[in-house]
Amino acid sequence: MTEKRTIFVAEGKGSETMTAFVEDFKERHCNTRDITDVSIDMSPAFMKGVEENLPNVAITFDKYHIMKIINATVDSVRKTETQE
(Lines of atoms letter the chains of each structure in order from A and count residues from 1; the text may use other names and numbers.)
(Lines give C-alpha, C1' and ligand atoms only; values in the text may rest on other atoms or scores of the structure.)
Protein backbone atom coordinates (compact mmCIF):
# COMPACT_ATOMS: atom_id res chain seq x y z
CA MET A 1 0.00 0.00 0.00
CA THR A 2 1.63 3.21 -1.10
CA GLU A 3 -1.00 5.71 -0.07
CA LYS A 4 -3.12 5.75 3.07
CA ARG A 5 -6.30 7.77 3.02
CA THR A 6 -9.92 7.55 4.04
CA ILE A 7 -12.13 6.97 1.02
CA PHE A 8 -15.53 6.27 2.58
CA VAL A 9 -17.31 7.06 5.83
CA ALA A 10 -20.83 6.00 6.78
CA GLU A 11 -23.05 5.74 9.80
CA GLY A 12 -24.19 2.35 10.97
CA LYS A 13 -22.66 -0.93 11.99
CA GLY A 14 -24.46 -3.38 9.75
CA SER A 15 -23.03 -5.43 6.91
CA GLU A 16 -25.08 -3.22 4.59
CA THR A 17 -22.60 -0.43 5.35
CA MET A 18 -19.89 -2.41 3.56
CA THR A 19 -22.28 -3.12 0.70
CA ALA A 20 -22.91 0.64 0.41
CA PHE A 21 -19.15 1.23 0.31
CA VAL A 22 -18.66 -1.29 -2.51
CA GLU A 23 -21.53 0.25 -4.49
CA ASP A 24 -20.07 3.75 -4.01
CA PHE A 25 -16.63 2.50 -5.02
CA LYS A 26 -17.97 0.94 -8.22
CA GLU A 27 -19.96 4.10 -9.05
CA ARG A 28 -16.62 5.93 -9.07
CA HIS A 29 -15.48 3.43 -11.74
CA CYS A 30 -13.03 1.80 -9.36
CA ASN A 31 -12.24 -1.90 -9.24
CA THR A 32 -12.73 -3.64 -5.90
CA ARG A 33 -9.90 -6.03 -6.82
CA ASP A 34 -7.55 -3.08 -6.24
CA ILE A 35 -8.50 -3.03 -2.55
CA THR A 36 -5.96 -5.08 -0.62
CA ASP A 37 -6.55 -3.95 2.99
CA VAL A 38 -9.37 -2.56 5.10
CA SER A 39 -9.40 -1.20 8.63
CA ILE A 40 -12.62 -1.73 10.58
CA ASP A 41 -13.80 -1.96 14.15
CA MET A 42 -14.48 -5.41 15.55
CA SER A 43 -18.19 -5.47 14.74
CA PRO A 44 -19.22 -8.96 13.57
CA ALA A 45 -21.50 -7.28 11.03
CA PHE A 46 -18.58 -5.33 9.54
CA MET A 47 -16.51 -8.51 9.35
CA LYS A 48 -19.41 -10.26 7.60
CA GLY A 49 -19.81 -7.34 5.20
CA VAL A 50 -16.12 -7.43 4.30
CA GLU A 51 -16.13 -11.20 3.83
CA GLU A 52 -19.21 -11.01 1.59
CA ASN A 53 -18.15 -7.99 -0.48
CA LEU A 54 -14.34 -8.06 -0.43
CA PRO A 55 -13.39 -11.68 0.24
CA ASN A 56 -9.70 -11.33 -0.66
CA VAL A 57 -8.70 -8.31 1.46
CA ALA A 58 -6.64 -8.29 4.63
CA ILE A 59 -8.60 -7.00 7.63
CA THR A 60 -6.93 -4.82 10.24
CA PHE A 61 -8.86 -3.98 13.39
CA ASP A 62 -8.51 -0.38 14.49
CA LYS A 63 -6.16 0.24 17.40
CA TYR A 64 -8.76 1.98 19.58
CA HIS A 65 -10.97 -1.09 19.93
CA ILE A 66 -8.05 -3.48 20.37
CA MET A 67 -6.64 -1.33 23.19
CA LYS A 68 -10.08 -1.02 24.78
CA ILE A 69 -10.38 -4.82 24.99
CA ILE A 70 -6.81 -5.24 26.26
CA ASN A 71 -7.28 -2.56 28.93
CA ALA A 72 -10.58 -4.06 30.09
CA THR A 73 -8.96 -7.50 30.36
CA VAL A 74 -5.95 -6.19 32.28
CA ASP A 75 -8.28 -4.25 34.58
CA SER A 76 -10.37 -7.38 35.21
CA VAL A 77 -7.27 -9.44 36.06
CA ARG A 78 -6.01 -6.67 38.35
CA LYS A 79 -9.34 -6.54 40.21
CA THR A 80 -9.40 -10.33 40.58
CA GLU A 81 -5.86 -10.42 41.93
CA THR A 82 -6.48 -7.65 44.46
CA GLN A 83 -9.51 -9.54 45.82
CA GLU A 84 -7.44 -12.65 46.54
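Note that our numbering gives residue 135 to position 13 of the sequence shown, counting from 1, and the numbers run on in steps of one.
Heads up, the beta-carbon is just placed ideally off N, CA and C, and yes, glycines get one too.
Of the residues the options, which one's Cα is nearest the Cα of residue i?
{"i": "K170", "options": "V199, E138, I191 and D197", "result": "E138"}
{"i": "D156", "options": "I192, E125, P166 and N193", "result": "E125"}
{"i": "T158", "options": "N175, K135 and M164", "result": "N175"}
{"i": "V134", "options": "V199, S198, S165 and K201", "result": "With the sequence shown as reference, residue 134 is identified as Gly, and Val is not the correct amino acid for it. Considering only alpha carbons, the answer is S165."}
Expressed to the nearest angstrom, what Euclidean distance is found between the alpha-carbon atoms of residue i and residue j?
{"i": "F211", "j": "V196", "result": "Because residue 211 is not part of the residues shown, which for the chain are 123 to 206, the question remains open."}
{"i": "F183", "j": "P177", "result": "16 Å"}
{"i": "C152", "j": "E206", "result": "58 Å"}
{"i": "R193", "j": "V144", "result": "For the record, residue 193 in the displayed sequence is Asn; it is not Arg. Using only the alpha carbons, I get a separation of about 33 Å."}
{"i": "K185", "j": "T204", "result": "28 Å"}
{"i": "F130", "j": "T154", "result": "13 Å"}
{"i": "S198", "j": "I191", "result": "11 Å"}
Near residue i, which residues of its chain fall below 7 Å by C-beta distance, leaving aside the five closest residues on each side in sequence?
{"i": "V172", "result": "M140, V160, I162, V179 and I181"}
{"i": "G136", "result": "A167"}
{"i": "H187", "result": "D163 and M164"}
Starting from residue i, follow its DSSP beta bridges and name the residues at the other end.
{"i": "T182", "result": "S161"}
Go through its chain and collect everything with a Cβ distance to residue i's Cβ below 8 Å, but skip five positions before and after it.
{"i": "A132", "result": "T139, A142 and F143"}
CB-CB under 6 Å to residue i, same chain, minus the five flanking residues each way: which ones, in chain order?
{"i": "R150", "result": "none"}
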